[in-house]
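Undergrad:
Chains as they are written, first to last, in the numbering used here: chain A, 1 to 413; chain B, 414 to 556.
Here it is as structure tokens:
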């Protein structure tokens with residue numbers, strides 16, 4: 001790889017041991033992908049919580065912080081595994097909560113902004129077209145590439161922290177034009193409305209094309225999707241297909257036309273998605289004769305608009321006795337929802353609104369499931385329906401209003 | 414054990430790490446340390462996964478694709494320190510997270526293969542993964 005004089009200095013340890021280690025990691029990864037150089041980034045978003053890092057990751061952060069490491073570009077954190085207000089109520093382990101607090105202190109010492117959100121693209125930072133960023137959480141990356149036209153690869157926690165410290169990333173993958181062109185065409189022959197419909201589309205396309213470098217081009221979308229609908233589509237594509245980018249003709253910035261989306265090339269494949277396909281996704285989920293006593297709106301965190309909608313659907317209602325309804329969102333959105341009265345409506349109905357976390361990464365979630373007698377998890381998030389399987393939940397993807405109906409009655413309509 | 418099956422070399426497209434030998438766990442299904450793995454025991458834990466119940470520790474995992482998530486970056490480092498890590502990940506296609514995680518943890522990783530390994534490698538076989546030569550060689554085949 002070609003290195004600048006500043007980068008050579010970093011590699012020699014001229015900017016400290018942390019910058020040296022950061023760059024060494026980035027160069028090895030860059031060499032794997034054939035990168036020829038590093039490019040500066042303007043914003044970094046990283047995952048770092050005790051559930052995913054464990055004691056070894058925490059010890060690494062402690063060492064880095066003690067070495068004087070500091071981020072050279074604005075660096076924010078993704079959703080974490082503990083909402084400190086709910087540790088006792090959820091039955092999370094106080095020792096792990098204490099570790100999480102230490103871990104946050106290490107990050108802050110390195111000038112990381114612990115914003116704890118997976119919807120940074122809605123609430124914190126919106127990069128412009130072709131801006132290089134280094135984001136973690138796959139949903140944030142696919143949104144940056146696709147909807148903003150910015151440039152990022154999936155950056156895992158230690159890789160994102162390395163980018164924060166060095167202020168650059170190796171130039172490969174979605175930083176390069178050649179990987180940003182569409183590779184296959186998806187004709188959308190159905191009007192999609194609910195967030196779950198968009199997630200179901202992502203599941204259909206992602207599950208059948210699992211490849212980071214596959215870039216679907218959605219064509220024929222009947223109605224301009226909202227930011228939240230694109231959020232659910234992107235999160236689902238990334239979750240089921242490990243995809244980092246999509247185009248939507250007439251909607252996303254690199255796809256003013258079908259031809260432009262493919263960069264003038266022909267699609268390798270064309271598929272079509274119909275109403276029947278979407279309904280087939282819903283039909284693939286079932287309760288397996290276990291109670292429908294858990295409904296979750298999470299993965300990604302809820303926007304203020306989603307909070308408003310949930311508040312309206314739950315206004316004056318009561319969650320069925322014995323059932324639970326969880327919502328996760330960011331600190332900023334929860335604060336606004338409180339000021340606007342949305343939070344009171346959700347909580348009065350019996351809903352629990354957690355901040356700064358995502359449901360599937362909650363510390364101790366497998367034990368929480370067992371303790372509460374949960375088997376089924378009903379959600380409007382296709383991503384959550386996919387990702388929480390490792391904790392032995394049986395998931396049901398349902399449209400938002402159906403999720404609320406189940407929370408109120410314990411039954412499907 | 415025997416070595417009756419022919420042992421052609423697989424060439425891999427990209428590779429990182431040191432030369433390792435070990436017992437194969439091979440699957441037609443993709444892999445994610447977040448979705449599929451119990452990161453306290455090393456067991457593939459997701460119900461219905463083709464390798465459910467198998468333990469990753471000291472294995473060579475051969476899988477066609479990487480699934481999902483950002484978690485691999487810390488997760489590989491975590492399982493390495495818990496001494497339940499595999500010796501190598503051999504992916505058909507992977508994503509940067511797996512590579513970043515493997516490099517950070519010092520676990521050998523490869524991507525891309527010149528022939529479909531499932532035709533001649535089985536779970537339980539012993540193989541050598543050589544990231545320098547970018548090859549996978551069958552050493553011992555189970556009956």
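Where a beta carbon is used, it is the ideal one built from N, C-alpha and C, also for glycine.
Which two residues bound the contiguous beta strand (DSSP E) that contains residue 125 of chain A?
TA: The count along the first chain starts at 1 and reaches residue 125 of chain A at position 125. From DSSP, residue 125 of chain A is part of no beta strand (DSSP E); its letter is neither H nor E.
Undergrad: Could you pull the start and end residues of the alpha helix (DSSP H) that residue 389 of chain B belongs to?
TA: The question about residue 389 of chain B has no answer, for chain B in this structure spans 414 to 556.
Undergrad: Evaluate contact between the segment 114-124 of chain A and the segment 299-313 of chain A, counting only Cβ atoms and requiring at least three cross-stretch pairs below 8 Å.
TA: With a cut-off of 8 Å, the segment 299-313 of chain A and the segment 114-124 of chain A count as touching, because enough Cβ pairs lie within range.
Undergrad: Taking just the CA atoms, how far does residue 387 of chain A sit from residue 555 of chain B?
TA: Here residue 555 of chain B corresponds to residue number 142 of the second chain, with the count starting at 1. Here residue 387 of chain A corresponds to residue number 387 of the first chain, with the count starting at 1. Answer to the nearest angstrom: the Cα atoms are 34 Å apart.
Undergrad: Helix, strand or coil, according to DSSP, for residue 79 of chain A in the structure here?
TA: The residue you call residue 79 of chain A lines up with position 79 of the first chain. Here residue 79 of chain A sits in coil by DSSP.
Undergrad: Going along chain B, which residues have a C-beta under 9 Å from residue 392 of chain A?
TA: Position 392 of the first chain, counted from the first residue, corresponds to residue 392 of chain A. Those are 458, 459, 460, listed as they occur along chain B.
Undergrad: Enumerated in chain order, which unbroken segments of the beta strand (DSSP E) with a length of 3 residues or greater are wholly contained in the segment 15-100 of chain A?
TA: 38-40, 44-46, 75-77
Undergrad: Apart from the five residues just before and just after residue 414 of chain B, which ones in its own chain have a Cβ nearer than 8 Å to its Cβ?
TA: Against the second chain, residue 414 of chain B aligns to sequence position 1. Per-residue confidence for residue 414 of chain B stands at a pLDDT of 48, beneath the threshold of 50, marking its modelled position as unreliable; the derived number appears in the next sentence. Counting only Cβ-Cβ distances below 8 Å, and skipping sequence neighbours, we find 553, 554, 555, 556.
Undergrad: Hey, does residue 467 of chain B have any beta-carbon neighbour from chain A nearer than 7 Å?
TA: Looking up residue 467 of chain B in the second chain gives position 54. By this cut-off, residue 467 of chain B is not an interface position.
Undergrad: Where does residue 36 of chain A land, buried or exposed, given buried means 16+ other C-beta within 10 angstroms?
TA: Numbered from its first residue, the first chain carries residue 36 of chain A at position 36. It is exposed - the Cβ of residue 36 of chain A has fewer than 16 other Cβ atoms within 10 Å.
Undergrad: What are the partner residues of residue 270 of chain A, as DSSP defines its beta bridges?
TA: Here the question's residue 270 of chain A lines up with position 270 in the first chain. For residue 270 of chain A, which the question treats as bridged, DSSP gives the partners A:185.
Undergrad: Could I get the ranges of all uninterrupted beta strand (DSSP E) runs contained in the segment 361-401 of chain A, with 3 residues as the minimum, in chain order?
TA: 376-379, 394-397
Undergrad: At a Cβ threshold of 7 Å, is residue 478 of chain B touching chain A?
TA: Residue 478 of chain B sits at position 65 when you count from the first residue of the second chain. Judged by the 7 Å Cβ criterion, residue 478 of chain B is in contact with chain A.
Undergrad: Is residue 32 of chain A close to chain B? Criterion is C-beta to C-beta, closer than 7 Å.
TA: Taking the first residue of the first chain as position 1, residue 32 of chain A is located at position 32. Yes, its Cβ sits closer than 7 Å to a Cβ of chain B.
Undergrad: Would you say residue 210 of chain A lies against chain B (beta-carbon separation less than 7 Å)?
TA: For the purposes of this step, residue 210 of chain A is taken as the residue at position 210 of the first chain. Yes, residue 210 of chain A lies at the interface with chain B (some Cβ there is under 7 Å from its Cβ).
Undergrad: Given that residue 138 of chain A touches chain B, what residues does it touch there, using C-beta distances under 9 Å?
TA: As a first step, residue 138 of chain A must be located in the first chain, where it is residue number 138. Listed along chain B, the residues sitting closer than 9 Å to residue 138 of chain A by beta-carbon distance are 481, 482, 483, 508, 510.
Undergrad: By Cβ distance below 6 Å, which residues in the same chain neighbour residue 393 of chain A in space, the five residues on each side in sequence not counted?
TA: Looking up residue 393 of chain A in the first chain gives position 393. The residues are 377.
Undergrad: Just checking: is the beta-carbon of residue 50 of chain A within a distance shorter than 7 Å of some beta-carbon in chain B?
TA: Here residue 50 of chain A corresponds to residue number 50 of the first chain, with the count starting at 1. So no, residue 50 of chain A is outside the interface.
Undergrad: By the 10 Å Cβ neighbour count, where 16 or more other Cβ atoms means buried, how is residue 361 of chain A classified, buried or exposed?
TA: Reading the first chain from its first residue, position 361 is the one you call residue 361 of chain A. Buried, since its Cβ has 16 or more Cβ neighbours within 10 Å.
Undergrad: Whole angstroms is fine: what's the gap from residue 205 of chain A's alpha carbon to residue 131 of chain A's?
TA: Looking up residue 205 of chain A in the first chain gives position 205. Looking up residue 131 of chain A in the first chain gives position 131. Roughly 27 Å separates the two Cα atoms.
Undergrad: Tell me which residue opens and which closes the alpha helix (DSSP H) that residue 9 of chain A is part of.
TA: Within the first chain, residue 9 of chain A is the residue found at index 9, counting from 1. Run containing residue 9 of chain A: 5-11, per the alpha helix (DSSP H) assignment.
Undergrad: Taking the straight line between their C-alpha atoms, what separation do you get for residue 437 of chain B and residue 356 of chain A?
TA: What you label residue 437 of chain B is simply residue 24 of the second chain in a count that begins at 1. What you label residue 356 of chain A is simply residue 356 of the first chain in a count that begins at 1. Spanning the two alpha carbons is a distance of roughly 40 Å.
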